[in-house]
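Q: Read top to bottom, the protein sequences are chains L, W, Z and V. No gaps in the numbering here: position 189 of the first sequence is 189 in full-length UniProt numbering, and each next residue is one more. No gaps in the numbering here: position 344 of the second sequence is 344 in full-length UniProt numbering, and each next residue is one more. No gaps in the numbering here: position 80 of the third sequence is 80 in full-length UniProt numbering, and each next residue is one more. No gaps in the numbering here: position 300 of the fourth sequence is 300 in full-length UniProt numbering, and each next residue is one more. For every residue, glycine included, the Cβ atom is placed at its ideal position computed from N, Cα and C.
Protein chains: 4
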Amino acid sequence: MNFCSDNVAGVTPEILAAIETANRDAAARPYGNDAWTKRVEQHLTAIFERPVVAFPVISGTAANALSLSVMTPPYGVVYCHDEAHIAVDECGAPEMYTGGAKLRPISGADGKIPVDALAKVLANSCAGDVHRVQPAALSLTQATEAGTVYKPAEVAALCALAKQHGLKTHMDGSRFANAVAHLNISPAELTWKAGIDVLSFGASKNGALAAEAVVFFDEKLAETFGFRRKRAGHLISKMRFLSAQLDAYLTDGLWLKLARHANSMAQRLVQGLTALPGVKLLYPVEANEIFIQLPVPTVAALREAGFEFYDWPDSEPGTIRLVTAFNTQQTAVDHFIDTARRLSNVAA
Amino acid sequence: MNFCSDNVAGVTPEILAAIETANRDAAARPYGNDAWTKRVEQHLTAIFERPVVAFPVISGTAANALSLSVMTPPYGVVYCHDEAHIAVDECGAPEMYTGGAKLRPISGADGKIPVDALAKVLANSCAGDVHRVQPAALSLTQATEAGTVYKPAEVAALCALAKQHGLKTHMDGSRFANAVAHLNISPAELTWKAGIDVLSFGASKNGALAAEAVVFFDEKLAETFGFRRKRAGHLISKMRFLSAQLDAYLTDGLWLKLARHANSMAQRLVQGLTALPGVKLLYPVEANEIFIQLPVPTVAALREAGFEFYDWPDSEPGTIRLVTAFNTQQTAVDHFIDTARRLSNVAA
Amino acid sequence: MNFCSDNVAGVTPEILAAIETANRDAAARPYGNDAWTKRVEQHLTAIFERPVVAFPVISGTAANALSLSVMTPPYGVVYCHDEAHIAVDECGAPEMYTGGAKLRPISGADGKIPVDALAKVLANSCAGDVHRVQPAALSLTQATEAGTVYKPAEVAALCALAKQHGLKTHMDGSRFANAVAHLNISPAELTWKAGIDVLSFGASKNGALAAEAVVFFDEKLAETFGFRRKRAGHLISKMRFLSAQLDAYLTDGLWLKLARHANSMAQRLVQGLTALPGVKLLYPVEANEIFIQLPVPTVAALREAGFEFYDWPDSEPGTIRLVTAFNTQQTAVDHFIDTARRLSNVAA
Amino acid sequence: MNFCSDNVAGVTPEILAAIETANRDAAARPYGNDAWTKRVEQHLTAIFERPVVAFPVISGTAANALSLSVMTPPYGVVYCHDEAHIAVDECGAPEMYTGGAKLRPISGADGKIPVDALAKVLANSCAGDVHRVQPAALSLTQATEAGTVYKPAEVAALCALAKQHGLKTHMDGSRFANAVAHLNISPAELTWKAGIDVLSFGASKNGALAAEAVVFFDEKLAETFGFRRKRAGHLISKMRFLSAQLDAYLTDGLWLKLARHANSMAQRLVQGLTALPGVKLLYPVEANEIFIQLPVPTVAALREAGFEFYDWPDSEPGTIRLVTAFNTQQTAVDHFIDTARRLSNVAA
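Encoded structure:
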């Protein structure tokens with residue numbers, strides 16, 4: 001009954017089985033020159049309805065930082081939401097990988113960068129002035145850190161603006177599956193058709209052991225990626241076991257099936273909780289994260305009942321984050337709601 | 001029948017089973033705050049007969065480059081053998097992680113740095129001269145890139161010299177298990193008792209899926225490591241699956257058992273081959289790598305017979321590298337020898 | 001009649017004479033092993049009433065970025081005002097020199113960091129959390145970018161808070177002379193006695209050709225500076241000519257004399273202008289910079305009359321910056337005021 | 001009577017006068033938007049008989065490291081002579097500025113890279129292999145660190161080979177003037193006509209106070225240079241005083257006049273010394289440096305007589321370096337020779 005994060009969950013059986021199957025071959029060519037890695041690119045080409053160049057890596061931070069490293073010079077600026085993972089939770093990985101580029105955080109409701117806020121920042125970017133760091137890239141998080149989802153038109157508007165200013169565009173899709181599952185549209189619509197150049201396509205938070213794919217829609221940007229990945233220690237030798245995870249993840253829509261489950265558990269949970277008195281939802285729940293304020297005694301009692309989750313920092317007392325995952329059980333969700341309801345009744 | 005490298009081999013069953021077992025817990029704390037990661041440190045403390053601080057990572061390049069990042073300032077020099085993996089095969093990872101430190105390659109027979117060669121280089125290191133990069137660290141590879149093994153006294157002599165010059169000492173133990181198995185001594189003797197501060201303790205080449213441990217004997221050097229690992233994208237969220245590999249690897253001497261097998265297969269192979277006419281061994285075979293010159297037609301015929309291995313660059317024609325692994329089968333070795341012998345007889 | 005910046009001014013005669021004098025010696029030891037460089041450190045020791053370690057460099061950006069490079073690890077955070085030169089005007093030099101550390105801009109009135117704003121940011125700094133960049137240094141600008149001056153007690157309060165959180169403290173003293181001249185107190189009171197560890201002591205904006213001194217009150221921080229300066233290409237070979245500038249600058253209070261003149265010209269100018277109708281002063285004028293809003297026609301007419309100055313970006317129409325320098329002539333100031341007054345009368 | 005280095009000499013009167021003249025203007029636009037800087041580019045365009053893009057900087061290390069920063073990716077290799085200043089004497093500046101690229105030193109007689117040695121290294125460069133750093137640039141030193149001078153055909157042969165392998169080509173012309181003076185040919189012949197893309201054009205060692213120009217023959221390479229120079233703290237605000245030095249240096253052939261003097265003093269000195277018994281010249285003297293072995297008592301006695309020079313490290317006893325400069329006096333040279341001769345006679 002752990003709602004701390006989707007990274008507390010383990011590995012979905014299909015992916016574990018794929019690793020075992022990959023191990024049946026006594027030998028396979030290392031460093032990605034194997035059949036599994038080739039299949040990953042084929043899956044992604046099918047899913048995105050166009051040729052792509054893709055590189056498996058083992059963490060979202062690596063996917064993001066390596067992506068950015070080919071999108072900005074060391075004197076560049078990457079625009080992102082001020083709660084973006086790259087800005088807040090990666091201990092400066094983008095700065096390390098880019099050789100010291102600067103992140104420019106932009107505030108916005110519901111975890112989203114407002115177009116007019118980006119426009120204002122870009123209007124003051126001093127492009128061409130040697131005293132200033134130079135506009136280089138835009139990074140969007142999809143689903144956002146607030147558990148909301150950019151609509152394709154929102155992505156397109158931001159990317160169009162970015163392109164007008166010569167920016168490259170990145171999507172941190174650590175929870176990309178949850179976003180696609182929510183919108184129920186073609187992944188192409190949400191990415192390159194909306195103007196995205198590079199996608200960090202997450203799997204670790206959605207049932208993989210440790211796997212993400214960096215997907216290049218702008219092939220030219222991919223040219224130096226292989227060297228940068230190796231140089232960063234992110235080219236693992238027995239690559240088949242990383243690619244096998246992604247191969248299984250992308251086969252027969254497993255990635256969407258897992259995300260749909262996580263999303264539906266979040267919906268069930270938020271609907272149950274918002275029916276209770278004294279409850280305040282911080283953001284619309286569109287993916288698998290719920291940011292919600294409960295009565296403080298309820299929060300304490302839920303913990304005593306064995307539920308695990310994080311208090312949300314910089315918020316009013318009783319504000320917590322609940323994350324569902326591919327393996328969240330409906331009984332756990334219902335138990336959570338029942339427990340909260342019981343406490344709520346007691347309090348009333 | 002693949003003798004290309006120990007990284008073409010898959011995962012040993014005990015380690016795969018450990019991953020599966022780790023997956024039985026529906027949830028575990030992420031980022032290394034889990035029971036498996038704790039056990040890894042406990043194993044290593046037992047194996048090295050002293051407290052250590054240890055960090056799992058997923059590749060040897062990451063282990064090496066992150067280790068070096070805490071051992072040298074950006075204006076420092078790392079001394080290493082001129083065939084060292086860090087110097088030749090990591091696409092500049094040490095330079096990236098150290099912020100631009102310099103590697104100073106030193107030549108030496110059998111893949112080893114000679115004490116007098118190191119002494120000579122250090123005597124000309126211009127310590128304190130602001131125009132020169134400054135002596136910072138020594139990195140030894142154990143087993144070496146030539147498939148040989150430093151004796152404890154050799155390690156101790158090099159480390160003593162290094163310490164006299166204020167250097168930190170690193171061991172690239174990508175094949176540390178093979179070295180220990182060969183020497184049949186306490187791992188402590190070969191590392192901290194001989195003056196090593198930090199060890200990249202390899203598992204990937206010896207049956208793990210993707211796992212290495214950075215082991216600090218000098219605890220102070222470990223202080224900033226956690227930040228550096230995260231910043232590099234090498235702190236994986238579902239750490240239990242990385243640590244579970246190392247946990248199994250270090251349990252009941254599995255790591256040594258696997259290495260002993262690889263070493264013994266190499267011995268069997270080299271003994272069979274050196275009994276043939278026209279064969280020249282480049283280096284003593286002490287671990288699981290054989291560098292050997294065979295008649296050119298024999299090499300071609302072995303390939304036709306389905307054996308896979310690398311030609312060795314910068315060598316005389318017919319020079320190849322053969323690597324055995326934890327899962328190399330005796331029948332494959334014997335078949336290799338028989339094939340070579342048959343061709344040899346034909347030729348004669 | 002140029003009020004664009006103090007860097008449009010040339011070299012004060014005393015400093016030019018010192019360069020010529022230094023050139024009378026046919027030879028001098030290079031790289032700072034000369035008499036002039038030694039004297040600079042002696043002057044600074046006298047001025048700051050305690051032993052210091054000092055390094056001449058040729059630009060304020062170099063002084064700042066090199067200072068920060070010894071005050072933060074690559075995963076560190078440097079807190080500064082959001083209009084600080086290091087944050088806005090150095091094209092990412094701090095990020096380059098620190099290996100990718102992050103600047104954390106803090107807003108505050110009159111170009112100053114408010115103590116409570118710093119306290120709030122530090123309270124949320126997540127020290128020790130590997131996912132977050134780590135608190136490392138505080139940088140104050142004195143005089144500020146708004147032309148105001150921190151009082152010793154303000155510096156002390158900020159530094160005390162910084163020290164409680166383990167930060168190192170830096171002062172960007174590009175206009176340090178103007179600040180000291182304004183406060184008319186001992187330089188020691190404004191720096192190390194108030195908790196500053198490292199000072200970028202400016203001279204270029206105050207009559208030097210190209211010269212700044214990095215002054216270390218925390219001697220330990222200076223240990224690696226020499227290597228970092230050389231590595232950055234900032235150790236000039238004929239150092240005597242850089243040090244001779246500082247030697248003259250620091251002799252017999254020339255630095256304060258020049259700054260007092262610039263400050264008094266600014267006072268004369270601002271008093272003249274604020275006596276006119278329709279004028280709005282943005283910040284108190286405490287050093288040699290004036291940020292002021294004039295009627296738009298007045299601004300245009302002043303330009304036509306041959307005066308040069310910058311429009312101030314992100315401000316209401318008619319907002320300009322006026323900077324006085326060591327060589328600003330009283331007649332030019334009076335002419336500026338007269339011209340503005342005449343236009344003002346015409347308008348009325 | 002100082003023969004230690006050309007950087008112990010001061011500033012030639014013409015250049016000092018130019019600084020004074022530049023100071024007559026009470027104001028000038030900062031950061032290189034001034035008439036002096038424009039003239040520097042015009043001079044260089046005339047001297048090199050083609051349009052060039054040029055950037056003044058204050059040190060040879062800055063010129064070299066900034067040049068290399070636009071010629072190699074962080075995972076690149078820069079080939080250079082193993083005694084090159086960039087490899088030996090810049091405390092790792094190239095590694096810092098390139099984000100961790102690698103220098104690959106190549107040995108060769110008389111300070112020159114032999115074509116066949118470069119060819120051999122490039123043949124083994126493993127271009128395209130992600131495990132290896134990638135061939136990026138060639139840097140030649142002209143005049144060399146051995147005081148010799150590459151002939152145009154030698155430069156052309158090395159550059160042609162470099163271009164075949166896709167390398168960019170850099171010339172460290174810290175003593176470019178001495179090389180041109182020796183060859184007495186068009187600077188164009190020695191640079192872009194021979195295949196050079198970027199030149200560090202030195203002035204500091206030849207009579208300037210602190211000034212070098214980075215000259216781009218490949219305009220595309222210059223695109224990002226302005227940002228990189230600023231970011232490194234090498235864009236000085238009162239640029240007119242830096243450019244005024246170069247303006248004077250390049251006017252009416254002053255740079256060649258000064259170099260011819262230095263070269264002729266070196267010729268006079270070496271001819272005088274090699275006429276003495278027991279003297280061994282290490283390299284042909286083609287510029288303004290002499291590497292020579294004298295009898296040990298002679299060396300000691302010369303020092304006692306007040307001459308200053310460096311013992312040459314890693315050489316036989318009595319080996320010294322003598323450097324002449326733009327201001328070396330013939331009487332000092334003759335006195336040196338006479339003193340050595342007298343001692344030589346005494347010894348005989």
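Does the beta-carbon of V296 (chain V) have 16 or more other beta-carbons within 10 angstroms, so that it is buried, or is it exposed?
A: Here residue 296 (chain V) refers to the residue found at position 296 of the fourth sequence. Flag for V296 (chain V) reads exposed.
Q: What span of residues does the alpha helix (DSSP H) with Q271 (chain V) cover, start to end?
A: Counting from one through the fourth sequence, the residue named residue 271 (chain V) turns up at place 271. Counting along the chain, the alpha helix (DSSP H) containing Q271 (chain V) begins and ends at L254 to T274.
Q: Considering only C-alpha positions, which residue in the set L:A28, L:S174, L:A162 and L:G100 is nearest to L122 (chain L)?
A: In the first sequence, the residue the question calls residue 122 (chain L) occupies position 122. The option with the nearest alpha carbon to L122 (chain L) is L:A162.
Q: When you compare the CB of T141 (chain V) with every CB in chain W, is at least one pair closer than 9 angstroms?
A: The residue labelled residue 141 (chain V) in the question sits at position 141 within the fourth sequence. Residue contact check for T141 (chain V) against chain W: no CB pair falls below 9 angstroms.
Q: Assuming A137 (chain V) and M71 (chain V) form a contact by the criterion Cβ under 8 angstroms, report the distance between their Cβ atoms to the nearest whole angstrom.
A: Start at 1 with the first residue of the fourth sequence, and residue 137 (chain V) comes out as number 137. Start at 1 with the first residue of the fourth sequence, and residue 71 (chain V) comes out as number 71. Contact holds; Cβ gap of about 4 angstroms.
Q: Leaving aside the five residues before and after V115 (chain Z) along the sequence, list all residues of the same chain whose C-beta is less than 7 angstroms from its C-beta, in chain order.
A: Reading the third sequence from its first residue, position 115 is the one you call residue 115 (chain Z). Only A157, L158 and L161 meet the Cβ criterion.
Q: Return no unless some Cβ of chain L is closer than 9 angstroms to the Cβ of F227 (chain V).
A: As a working note, residue 227 (chain V) is residue 227 in the fourth sequence. Judged by the 9 angstroms Cβ criterion, F227 (chain V) is in contact with chain L.
Q: Which residues, in order along the segment 82 to 101 of chain L, keep a beta-carbon less than 8 angstroms from a beta-carbon of chain Z?
A: V88, D89, E90, C91, G92, E95, M96, T98, G99, G100 and A101
Q: DSSP has D129 (chain W) in a bridge; who is on the other side?
A: Walking along the second sequence from the start, residue 129 (chain W) turns up at place 129. Answer is none; D129 (chain W) lacks a bridge partner.
Q: Y79 (chain V) touches chain L at which residues, Cβ-Cβ below 9 angstroms?
A: For the purposes of this step, residue 79 (chain V) is taken as the residue at position 79 of the fourth sequence. The contacting residues do not exist; Y79 (chain V) stays about 18 angstroms from chain L at best.
Q: When the Cα atoms are used, what is the spatial distance from W255 (chain W) to T148 (chain W)?
A: The count along the second sequence starts at 1 and reaches residue 255 (chain W) at position 255. The count along the second sequence starts at 1 and reaches residue 148 (chain W) at position 148. Roughly 19 angstroms between the two C-alpha positions.
Q: Mind checking P13 (chain L): buried by the 16 CB within 10 Å criterion, or exposed?
A: Along the first sequence, read from residue 1 onward, the residue named residue 13 (chain L) stands at position 13. It is exposed - the Cβ of P13 (chain L) has fewer than 16 other Cβ atoms within 10 Å.
Q: Does H234 (chain W) get closer than 9 angstroms to chain A when you measure Cβ to Cβ?
A: As a matter of chain content, chain A is missing from the structure shown, whose protein chains are L, W, Z and V.
Q: Determine the extent of the alpha helix (DSSP H) in which G60 (chain W) is found, giving its start and end residues.
A: Taking the first residue of the second sequence as 1, we reach residue 60 (chain W) at position 60. Per DSSP, G60 (chain W) belongs to the alpha helix (DSSP H) from G60 to S69.
Q: Closer than 9 angstroms by beta-carbon distance: list the chain Z residues that pair up with G10 (chain V), in chain order.
A: As a working mapping, residue 10 (chain V) is identified with position 10 in the fourth sequence. Near G10 (chain V) (Cβ distances below 9 angstroms), the residues of chain Z are A22, N23, R24, D25, A26, A27, A28, K238, R240 and F241.
Q: In angstroms, rounded to a whole number, what distance separates the CA positions of T61 (chain Z) and A222 (chain Z)?
A: For the purposes of this step, residue 61 (chain Z) is identified with residue 61 of the third sequence, where counting begins at 1. For the purposes of this step, residue 222 (chain Z) is identified with residue 222 of the third sequence, where counting begins at 1. Taking the straight line from one Cα to the other gives about 18 angstroms.
Q: Count Cβ pairs between the segment 69 to 86 of chain W and the segment 49 to 58 of chain W that sit closer than 8 angstroms; are there 3 or more?
A: No contact exists between the segment 69 to 86 of chain W and the segment 49 to 58 of chain W.
Q: Taking DSSP as the reference, what is the three-state secondary structure of D172 (chain W)?
A: For this step, residue 172 (chain W) is matched to residue 172 along the second sequence. In this structure, D172 (chain W) counts as strand in the three-state DSSP scheme.
Q: Let me know if Y310 (chain Z) comes out buried or exposed under the rule of 16 or more other beta-carbons within 10 Å of its beta-carbon.
A: Here residue 310 (chain Z) corresponds to residue number 310 of the third sequence, with the count starting at 1. With fewer than 16 Cβ atoms within 10 Å of its Cβ, Y310 (chain Z) is classed as exposed.
Q: Would you grab the beta carbon distance between V133 (chain Z) and K102 (chain Z) for me? Rounded to a whole angstrom, and I think it's under 8 angstroms.
A: Locating residue 133 (chain Z) in the third sequence gives position 133, counting from the first residue. Locating residue 102 (chain Z) in the third sequence gives position 102, counting from the first residue. The pair is a contact, with the Cβ atoms about 5 angstroms apart (cut-off 8 angstroms).
Q: Listing by chain order, which chain Z residues have their CB less than 7 angstroms from the CB of K230 (chain W)?
A: Taking the first residue of the second sequence as 1, we reach residue 230 (chain W) at position 230. Simply V130 and H131.
Q: Alpha carbons only, please: which of V:S139, V:K205 and V:L66 is nearest the one belonging to H234 (chain V)?
A: As a working note, residue 234 (chain V) is residue 234 in the fourth sequence. Nearest option by C-alpha distance: V:L66.
Q: Please report the distance separating the alpha-carbon of L199 (chain Z) from that of G173 (chain Z).
A: Counted from its first residue, the third sequence places residue 199 (chain Z) at position 199. Counted from its first residue, the third sequence places residue 173 (chain Z) at position 173. Approximately 6 angstroms between the Cα atoms of the pair.
Q: Classify L281 (chain Z): buried if its beta carbon has 16 or more other beta carbons within 10 angstroms, exposed otherwise.
A: On the third sequence, residue 281 (chain Z) is found 281 positions in, with the first residue counted as 1. Exposed: under 16 other Cβ atoms inside 10 Å.
Q: Once DSSP output is grouped into helix, strand and coil, what is the label at Q330 (chain W)?
A: Counting from 1 along the second sequence, the entry for residue 330 (chain W) is found at position 330. The answer is helix: DSSP assigns Q330 (chain W) an H, G or I state.
Q: Is the beta carbon of residue 356 (chain V) less than 9 angstroms from the beta carbon of S243 (chain V)?
A: This structure cannot speak to residue 356 (chain V), because chain V is shown only from 1 to 348.
Q: Under 7 angstroms Cβ to Cβ from W312 (chain V), same chain only, skipping five residues before and after it: list those, please.
A: By 1-based counting over the fourth sequence, the position of residue 312 (chain V) is 312. Within the same chain, W312 (chain V) has close Cβ partners F291, T319, I320 and R321.
Q: Pick from Z:I106, Z:V180, Z:L276 and Z:Y249: whose alpha carbon is nearest that of H85 (chain Z)?
A: Walking along the third sequence from the start, residue 85 (chain Z) turns up at place 85. Residue Z:I106 is the option with its Cα nearest to H85 (chain Z).
Q: Using the three-state DSSP reduction, which class does T141 (chain W) fall into: helix, strand or coil?
A: By one-based count along the second sequence, residue 141 (chain W) stands at place 141. Strand.
Q: Can you name the residues that DSSP bridges to residue 398 (chain W)?
A: For residue 398 (chain W) there is no data in the structure shown, the boundaries of chain W being 1 and 348.
Q: What does DSSP give as the partner residues of R104 (chain L) in its beta bridges?
A: To locate residue 104 (chain L), count along the first sequence from 1; it is residue 104. Its beta-bridge partners are L:Y79.
Q: Which two residues bound the contiguous beta strand (DSSP E) that contains S200 (chain Z)?
A: Locating residue 200 (chain Z) in the third sequence gives position 200, where the first residue counts as 1. Segment V198 to G202, the beta strand (DSSP E) holding S200 (chain Z).
Q: Which residues in chain W have a C-beta closer than 8 angstroms to the C-beta of A74 (chain V)? List them in chain order.
A: Here residue 74 (chain V) is taken as the residue at index 74 of the fourth sequence, counted from 1. Sequence inspection shows Pro at residue 74 (chain V); the Ala mentioned does not correspond to that position. By Cβ distance, chain W contributes G92, E95 and M96.
Q: Is the distance from the Cβ of D197 (chain L) to the Cβ of F217 (chain L) below 9 angstroms?
A: As a working mapping, residue 197 (chain L) is identified with position 197 in the first sequence. As a working mapping, residue 217 (chain L) is identified with position 217 in the first sequence. Taking 9 angstroms as the Cβ cut-off, D197 (chain L) and F217 (chain L) qualify as a contacting pair.
Q: Could you name the residues of the segment 110 to 125 of chain L whose beta carbon sits closer than 7 angstroms to any beta carbon of chain Z, in the order they occur along the chain?
A: N124
Q: With a cut-off of 9 angstroms, does the C-beta of V57 (chain L) fall near any C-beta of chain W?
A: Here the question's residue 57 (chain L) lines up with position 57 in the first sequence. Yes, because at least one Cβ of chain W sits closer than 9 angstroms to the Cβ of V57 (chain L).
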